[in-house]
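**Q**
In my numbering, the protein residues as written are 941 to 1231.
1) Closer than 6 Å by C-beta to residue 1080: which residues in its own chain qualify, once you throw out the five before and the five after it? Chain order, please.
2) In terms of residues, what are the limits of the beta strand (DSSP E) holding residue 1077?
3) Would you check whether the ligand HEM has a heavy atom nearer than 7 Å to the C-beta of residue 1109?
4) In the DSSP assignment, find the beta strand (DSSP E) that holds residue 1167 and state where it starts and stops.
5) In the DSSP assignment, find the unbroken alpha helix (DSSP H) run with residue 1085 in it and report its ends.
6) When you compare only the Cα positions, how much space is there between residue 1042 and residue 1187?
7) Could you check whether the segment 1058-1069 touches the segment 998-1015, counting it as contact only if at least three pairs of C-beta atoms, one from each stretch, sit closer than 8 Å?
8) Determine the extent of the beta strand (DSSP E) in which residue 1064 is found, giving its start and end residues.
9) Can you grab the Cα-Cα spacing for the pair residue 974 / residue 987, in whole Å?
10) Give a yes or no on whether the C-beta atoms belonging to residue 1139 and residue 1096 are separated by under 8 Å.
11) Work out the CA separation of residue 1144 and residue 956 for me, nearest whole Å.
12) Please classify residue 966 as buried or exposed, where buried requires at least 16 other C-beta atoms within 10 Å of its C-beta.
13) Given residue 964, which residues of its chain have a CB within under 6 Å of its CB, disregarding the five upstream and five downstream residues?
14) What are the complete alpha helix (DSSP H) segments, minimum 4 residues, inside the segment 1082-1161?
15) Could you tell me the boundaries of the alpha helix (DSSP H) in which residue 961 lies?
16) Excluding the 5 residues flanking residue 1151 on each side, which residues of the same chain have their C-beta closer than 6 Å to its C-beta?
17) Return helix, strand or coil for residue 1196, following the three-state DSSP convention.
18) Return the CA-CA distance between residue 1023 and residue 1137, expressed in angstroms with no decimal places.
19) Measure the CB-CB distance between residue 1165 and residue 1098 and report whether it falls below 8 Å.
20) In whole angstroms, what is the alpha-carbon distance linking residue 960 and residue 994?
21) Quick check for students: name the residue ranges of the alpha helix (DSSP H) that lie wholly in the segment 983-1015, counting only runs of 4 or more.
22) Short of 8 Å in beta carbon distance, which residues of its chain neighbour residue 1046, apart from the five on each side in sequence? Order them along the chain.
23) Look at residue 1199 and residue 1159 and say whether their C-beta atoms are less than 8 Å apart.
24) On a Cα-Cα basis, can you pick out the residue from 1060, 1104 and 1048 that is closest to residue 1078?
25) Using the Cα positions of residue 976 and residue 1062, report the straight-line distance between them to the nearest angstrom.
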């Protein structure tokens, strides 16, 4: 009886079967997913230590099937949102989107601003749903957009409200993002966001825009972050009113997902929850997160 029959996952060294073509395709996808920006065919070949001829046909198939797409700047290829769509359907995000989107649309209509819902994927926040603002002018993010969790107020809010085990898993990766002082600042921002229960921060993408972010909970706890980019204008409500509308939408969406926004947020901000602090190791000079 094979591992497929028993439902067990064989180890890499004890695999019963090999599929070289499939493995080559998966290697390409993994390289593209780990890249900081678009990659050319030559760059992918070099990272895989394979010749261009070995990679070309599989690379072209992935382009033809919609898994890879040309970057807007034309300087290489990047992963399309097709992988996100498959993952979203497989991991129950489709139901999250179905329940959240009507309330997100209502929020955009009432506030005059676009909004989007992001969930954790590795050390990134990935947009899984978005609602456009009424009218022709929009500031938002489309499904599939990724941002490093340490690069935005939304990421700091997620990190601050995340369970301790999630923060411990993310910390080693986040410490490598930027300078030591940036890590210290991020932890302080996360702590402030945890206490406030929301985030108000300058956009890391568009200068002059303020990102308002609030948490969304399901029955298991923190699910994602709802963000509304705001460029103050005469047509829209003041930022304080927009934040109130956002928080109300987070509460409504959490209820639709079977979570309790008030109790979950209060539990995350309670005095019993450990604070985020940075400690220095006298022996190594290393800076560690203390939870």
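Think of the CB as a built atom: it goes at the ideal place given N, C-alpha and C, for glycine as much as any other residue.
**A** Per the coordinate set shown:
1) Taking residue 1080 as the centre and dropping the five residues before and after it, the same chain places the C-beta of 1054, 1056 and 1070 closer than 6 Å to its C-beta, in chain order.
2) Here residue 1077 belongs to no beta strand (DSSP E), and DSSP marks it neither H nor E.
3) By its list of ligands, the structure shown contains no ligand whatsoever, and the ligand HEM lies outside what it can speak to.
4) Judged by DSSP secondary structure, residue 1167 falls within the beta strand (DSSP E) whose first and last residues are 1161-1170.
5) Here residue 1085 belongs to no alpha helix (DSSP H), and DSSP marks it neither H nor E.
6) Distance between the alpha carbons of residue 1042 and residue 1187: 15 Å.
7) They do not touch, by the three-pair rule.
8) 1064-1071 is the span of the beta strand (DSSP E), which, as asked, contains residue 1064.
9) The straight-line gap from Cα to Cα measures roughly 11 Å.
10) Cβ atoms of residue 1139 and residue 1096: closer than 8 Å.
11) Taking the straight line from one Cα to the other gives about 47 Å.
12) Exposed, since its Cβ has fewer than 16 Cβ neighbours within 10 Å.
13) Contacts found: 998.
14) Entirely contained in the segment 1082-1161, the alpha helix (DSSP H) runs reaching 4 residues are, in chain order, 1093-1101, 1104-1115 and 1120-1136.
15) Its alpha helix (DSSP H) spans residues 960-974.
16) Residues 1093, 1141, 1143, 1167 and 1169 of the same chain have their beta carbon placed closer than 6 Å to that of residue 1151, with the five preceding and five following residues left out of the count.
17) In this structure, residue 1196 counts as helix in the three-state DSSP scheme.
18) Between the alpha carbons of residue 1023 and residue 1137 lies a gap of roughly 31 Å.
19) Against a cut-off of 8 Å, the Cβ pair of residue 1098 and residue 1165 comes out as a contact.
20) Within the model, the alpha-carbon separation for residue 960 versus residue 994 is close to 11 Å.
21) Within the segment 983-1015, the complete alpha helix (DSSP H) segments of 4 residues or longer fall at 992-1004, listed in chain order.
22) For residue 1046, same chain residues with a beta-carbon under 8 Å away, outside a window of 5 residues either side, are 1189 in chain order.
23) Yes, Cβ-Cβ distance for residue 1199 and residue 1159 is below 8 Å.
24) Among 1060, 1104 and 1048, the Cα nearest to that of residue 1078 is on 1048.
25) Those two C-alpha atoms are separated by around 14 Å.
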